[in-house]
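In the numbering used here, the protein residues as written are 62 to 726.
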């Protein structure tokens, strides 16, 4: 028994010693391994962090470069669009002046009125102006230089030898309108080799051409100034900013408010604290295709001490710009030091946990599980809060739905847009909200199996009104179940405005019929359809009889009322699918698709009788019209709309010569 107790004691002591040795060896090995891991992770942390910061500044600069390159590529396109729109505006104004005065003034008087209207008119901060000239004798009516006005310019040459005004006339004669590029003297600047882009357009009523132009360098300079202002407002991270210099060291933009006074000043000879002219080094690096990093020592204002600075620069070769941003290395070192301390604390905690786990494994398992569970819950709550915050911060509506279309979740914008409560929406499916398109499933509309895809859908709101939305839907897979997340943007007002503007551009201002341009477009479309499908197409041109006499006898107000009422009568009495537009003055074009000549004659004759029976406030006033009708079929075809118009115009003329108030075919 005594030996048994001794053996038991020895066993217990041996066990305790072995346990102590085991704990000591294992603990020592774990501690030593943790220390080695700490050193390795600390070194890797420094390497990775510096690399990430280098990548950060490089990517930020390259994003700015991409934006600059995009704007640069669009400069000439924007310039041409501005010039063309200005000329179209001037053309419409001149046409309005002509329409209002053609019955009471001579063409030369109207020329003078147009010249007076546009004299001194400029745009683009006074740089843009208009110039007009006659097609027949190439006389320049007015321009920005008074010595040219009233002179025949057909022999005038630009610095590179182009007959600019002769080319203008040839361009409008052959094409009606177009762009023309040449070299020209720039007011206030030396030389005659300044690139200029002009747009000219034929003004048929007076046989004039009108145009406007802009110097490319002026427009580019304006675009560059706007771009520099945008860059100076950009930022990233906590206090990152960008700067732009030209290749001569002139500061063009600085995002740091404390350095704004250096804009437009030269830093070409600027040296760092080691005497290195780092701006010149930046230029050499920027001249390389991919750009690069420049390191120099600089005084940091917040610490009033010399520190190393890392800057990434990249060049815009065509503009001789360099774009850059940088970081103070001490900020990186401070961050790394803080991360090392955090890593050290984490390592110590891990060692302590290891030791405690060795002695209190069972208890620690419970504690660790509780700790992990608590951390996981906190993380989940944190992620949920981020998710909900991000959803509700978005200006767009966002909803999640399953493959059957049932709405699973949404942000607060969706109920506001559609007028439902969130609870009501979660009980609905996409079928309940979307107006179906024929032959299309709303569950697949706007969704791509690969990635996001934009599409427009029409939703019915709770109050019955409709909402037009632009959606971008992407597929998700959550726990092996297919989901779709959709971003919804309300574009109802935008679509309404687009429809209004589109319709406005198609209509004649007085009669509200299609204008000449759009009725020609309709005619061309129907002509192509007729040729492609082999169906008949009839065209009619009608002209109100003795319209000038109506104006002279009853006044232009009555004449306008006649035009409007006849136009309304035509529109109300044509068939569905027919088109009518104002050709000009008192003439109208009628397009009759799928209509043979015999049926077209019946339609136009019926319209003639209806118009002839209209009653007017002026009892002695009677309004009739003459018309011409032709058919396009397999035996009789036209290659161009203009040929078709010439044919019905000829028939209209024959109707007038034959006594008016009749239709010829």
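We put the CB at the ideal spot given by N, CA and C, even for glycine.
Limits of the unbroken alpha helix (DSSP H) element including residue i
i, result
"residue 313", "No alpha helix (DSSP H) contains residue 313, which is instead part of the beta strand (DSSP E) from 312-315."
"residue 476", "474-479"
"residue 548", "Taken as a continuous stretch (DSSP letters only), residue 548 belongs to no alpha helix (DSSP H), being part of the beta strand (DSSP E) at 542-551."
"residue 242", "Premise fails: residue 242 lies in the beta strand (DSSP E), 238-245, not in any alpha helix (DSSP H)."
"residue 703", "702-718"
"residue 608", "608-615"
DSSP state of residue i mapped onto helix, strand, coil
i, result
"residue 80", "helix"
"residue 573", "coil"
"residue 160", "helix"
"residue 168", "helix"
"residue 215", "coil"
"residue 153", "helix"
"residue 91", "helix"
"residue 675", "coil"
"residue 723", "coil"
"residue 228", "helix"
"residue 143", "helix"
"residue 188", "coil"
"residue 180", "coil"
"residue 336", "coil"
"residue 355", "strand"
"residue 495", "strand"
Bridge partners - residue i, DSSP secondary structure assignment
i, result
"residue 529", "519"
"residue 367", "360"
"residue 342", "None, per the DSSP bridge assignment."
"residue 467", "490"
"residue 387", "372"
"residue 305", "314, 384"
"residue 538", "543"
"residue 561", "BP columns for residue 561 are empty, so no partner."
"residue 272", "192, 261"
"residue 460", "471, 547"
"residue 327", "311"
Exposure label - residue i; buried when at least 16 CB within 10 Å
i, result
"residue 257", "buried"
"residue 313", "buried"
"residue 640", "buried"
"residue 262", "buried"
"residue 165", "exposed"
"residue 644", "buried"
"residue 668", "buried"
"residue 456", "exposed"
"residue 82", "exposed"
"residue 292", "buried"
"residue 613", "exposed"
"residue 236", "exposed"
"residue 155", "buried"
"residue 315", "buried"
"residue 741", "Residue 741 falls outside the range modelled here, since the chain spans only 62 to 726, and no answer is possible."
"residue 462", "buried"
"residue 79", "exposed"
"residue 600", "buried"
Range covered by the beta strand (DSSP E) that runs through residue i
i, result
"residue 692", "686-693"
"residue 255", "255-264"
"residue 602", "598-605"
"residue 291", "First-last for residue 291: 277-294, but that is the alpha helix (DSSP H), not the beta strand (DSSP E)."
"residue 654", "648-654"
"residue 642", "640-645"
Beta-carbon contacts of residue i that lie in its chain and below 6 angstroms, excluding the five residues immediately before and after
i, result
"residue 214", "199, 201, 226"
"residue 490", "466, 467"
"residue 389", "361, 368, 370"
"residue 721", "606, 687"
"residue 458", "474, 475, 478, 549"
"residue 714", "none"
"residue 628", "572, 574"
"residue 513", "Low confidence applies here, because residue 513 scores a pLDDT of 49, under 50, leaving its location unreliable; read the following figure in that light. The residues are 533, 535."
Residues near residue i in its chain [Cβ-Cβ closer than 7 angstroms; skip 5 each side]
i, result
"residue 158", "171, 174, 175, 178"
"residue 522", "479, 480, 528"
"residue 355", "339, 342, 343, 346, 372, 374"
"residue 337", "357"
Contacts around residue i, its chain only, beta-carbon distance under 8 angstroms, and the 5 residues preceding and following it disregarded
i, result
"residue 509", "Note that residue 509 has pLDDT 40, beneath the 50 cutoff, so the model's placement of it is unreliable and the number below is only indicative. The answer, listed in chain order, is 534, 535, 536."
"residue 531", "515, 516, 517, 549, 550, 552"
"residue 718", "none"
"residue 130", "377"
Residue i Cβ short of 8 angstroms to the ligand NAD heavy atom set
i, result
"residue 691", "In the structure on display, the ligand NAD does not appear, and there are no ligands present to speak of."
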